[in-house]
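A short write-up of the structure that comes next.
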Amino acid sequence: MTIFKFALKRSFSNTTNIIFLTLFPIACIFLPNGEEWPFLPYGYQYFGLLILFVGIRLATIILEDREKGVVKRLAVAPISHFQYLSQNLLAYSIILILQCIIVVYGGVLLGKELYQPGWLFILYGSFSFASLAIALAWISIYRNKDASFLVYMSLIFIIVVLGGLLIPIEIFPDLLKRVAVIFPTYWLAEGLKWIVFSEEILDFLLINGVLWLYTIVFVIVGSIRKIN
Amino acid sequence: MRVLSTVKFTALRMLRSYIVLLLLLVVPIILLTVFSFILSGAVPESGVPYINETSMTQVLVFQLFGGSIVMSLIYNDLFTENKIRMYALPFNQTMYAFSIMMCGALFSTLLGALLMVYSQFVLGVMWQNWLWMIYIISLMAVLSIIVCLIFTFSVKNFKIAERLSEVYGIGFVVLAGLFFPMPENGFFDFLGSYGNPLTLSMGAIRDMGESNIGDAWFQANILLGAIIILFVVMLILGRRKIG
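Taken in order, these protein sequences are the chains called A and B.
Numbered continuously in the numbering used here, the first sequence closes out at residue 228.
Numbered continuously in the numbering used here, the second sequence closes out at residue 1243.
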């Protein structure tokens, strides 16, 4: 588990990452409640946006490895690509899960109205994995980490708007409402709605299932070894 | 005046930086289009469609990030990669830095104007006063460039300066209350009104639209004042760093 240990260390080694990983989630807890929309406090609505950013920041570490030729050295070392990738991903998912715990249970401690914190935590967990997987697939088509980050950032803004995380999806015109289904953020927004109005457990399972489907597909796309 | 011969190349470098074009032109165009779909036909009681306000906000918000290209060009040319080459050239380096700034301001204003043209002719947004709008946009562009350069000159690590410039942009969007309502107390009220370039410029344009010419000029002049003060700060910091 050496790689795992160092992946954890590296994730926290840079100042921007520390701010992203600790300060921002805590700030999320303290954001105010919305009036009519969103149903959960603003911080919990926007936490999805933060998860997407953290996902790409963490996945960029793998891209950095490729840029610096570490992957090439690993290829001749007695370690398989599977070990390298799985230990890295394990470290990142632990960080993301910790973040979700901080946000959800910190909110509970502060007495925020979260309806069903347990389910909320599971929803954020599924979305974190989806975000990490998408980021992993994204970096596999890039060679330059700055370019990949900036283009992904612009993509995030569009996805977040189109998925109904920033604006309630009810006011969208029909066409956009139907298109929104393909974005993972749509499913997060649906999940958040479910948390508040909880109807059937099956709906919640479907939402998580879709997020897991994204995770599986994008991990497969992103896990191909690229040596350049 | 030998610097003038470099202007052409600075302009070319800016026009070819595809990431900046993507972030400051393509993304806002997509967002504006999406918003115009969502808000199509929504007209509040005042009679001005929501999309007008939204597109004005968007055009101004993206001006907050206009300084990033100038920052990276100056950093590359005068501090790192091309430093020695630039100092070997027979021209005044300060004037060169200044010419990059002017080019950046023009470039950023041009992008803003393109967004306005797009939203007028494709999305049917009516801009009341083009000249005033462009004046405010250029003020925002210059302010953003100066702030970014202050970060470049005052922070040792350029990565941190870049992050700070993003904090400047996103921070003022958040403080303007566009994402969520800010708490109501004196400090946040100030930063959500007269202490915030974004709300100042939005207010200036809104007042001009309602022909409150006095108020509009007042808010624009606060921006201009901030630019002058920060320009002096930038000069002092820049002299220490370059000289």
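Glycine included, every Cβ here is placed at the ideal spot set by N, Cα and C.
Just so you know, these numbers come straight off a predicted model, no measurement behind them.
CB contact check: residue i to chain A, cutoff 9 Å
i: residue 1040 (chain B); result: yes
i: residue 1163 (chain B); result: yes
i: residue 1160 (chain B); result: yes
Min CB distance residue i to chain B below 9 Å
i: residue 111 (chain A); result: no
i: residue 34 (chain A); result: yes
i: residue 161 (chain A); result: yes
i: residue 142 (chain A); result: no
i: residue 31 (chain A); result: yes
i: residue 175 (chain A); result: yes
i: residue 185 (chain A); result: no
i: residue 60 (chain A); result: no
i: residue 147 (chain A); result: yes
i: residue 15 (chain A); result: yes
i: residue 115 (chain A); result: no
i: residue 124 (chain A); result: no
i: residue 105 (chain A); result: no
i: residue 214 (chain A); result: no
i: residue 46 (chain A); result: yes
Contacts of residue i in chain B (Cβ-Cβ under 8 Å)
i: residue 172 (chain A); result: 1037 and 1038
i: residue 154 (chain A); result: 1022, 1023, 1026 and 1027
i: residue 167 (chain A); result: 1038
Residue burial classification, residue i (beta-carbon count within 10 angstroms, cutoff 16)
i: residue 112 (chain A); result: buried
i: residue 141 (chain A); result: exposed
i: residue 1077 (chain B); result: buried
i: residue 32 (chain A); result: exposed
i: residue 15 (chain A); result: exposed
i: residue 61 (chain A); result: buried
i: residue 170 (chain A); result: exposed
i: residue 1096 (chain B); result: buried
i: residue 1207 (chain B); result: buried
i: residue 1184 (chain B); result: exposed
i: residue 47 (chain A); result: buried
i: residue 179 (chain A); result: exposed
i: residue 1202 (chain B); result: buried
i: residue 1160 (chain B); result: exposed
i: residue 1008 (chain B); result: exposed
i: residue 1080 (chain B); result: exposed
i: residue 80 (chain A); result: exposed
i: residue 1126 (chain B); result: exposed
i: residue 1162 (chain B); result: buried
i: residue 77 (chain A); result: exposed
i: residue 149 (chain A); result: buried
i: residue 193 (chain A); result: buried
i: residue 1 (chain A); result: exposed
i: residue 1088 (chain B); result: exposed
i: residue 52 (chain A); result: buried
Where residue i meets chain A, residues with beta-carbon distance less than 8 Å
i: residue 1030 (chain B); result: 158
i: residue 1034 (chain B); result: 158, 161, 162 and 176
Amino acids of chain B, ordered along the chain, whose beta-carbon sits closer than 7 Å to that of residue i
i: residue 150 (chain A); result: 1019 and 1023
i: residue 27 (chain A); result: Simply none; closest approach about 10 Å.
Below-9 Å beta-carbon distance, residue i vs any chain C residue
i: residue 1070 (chain B); result: Looking at the structure shown, chain C is missing, and the protein chains on hand are A and B.
Proximal chain A residues relative to residue i, where beta-carbon distance stays under 9 Å
i: residue 1043 (chain B); result: Result: empty, since nearest Cβ-Cβ is about 14 Å, beyond 9 Å.
Neighbouring residues, chain B, relative to residue i (Cβ below 9 Å)
i: residue 42 (chain A); result: 1179, 1180 and 1181
i: residue 18 (chain A); result: Result: empty, since nearest Cβ-Cβ is about 12 Å, beyond 9 Å.
Runs of alpha helix (DSSP H) wholly within the stretch 116 to 177 of chain A (minimum 4 residues, chain order): 117 to 139 and 145 to 162
Report the residue ranges of all alpha helix (DSSP H) runs contained in full by the stretch 1138 to 1196 of chain B; include only those spanning at least 4 residues, in chain order. 1158 to 1175 and 1186 to 1191
Entirely enclosed alpha helix (DSSP H) segments - the stretch 1032 to 1119 of chain B, minimum 4 residues: 1050 to 1063, 1068 to 1074 and 1083 to 1088
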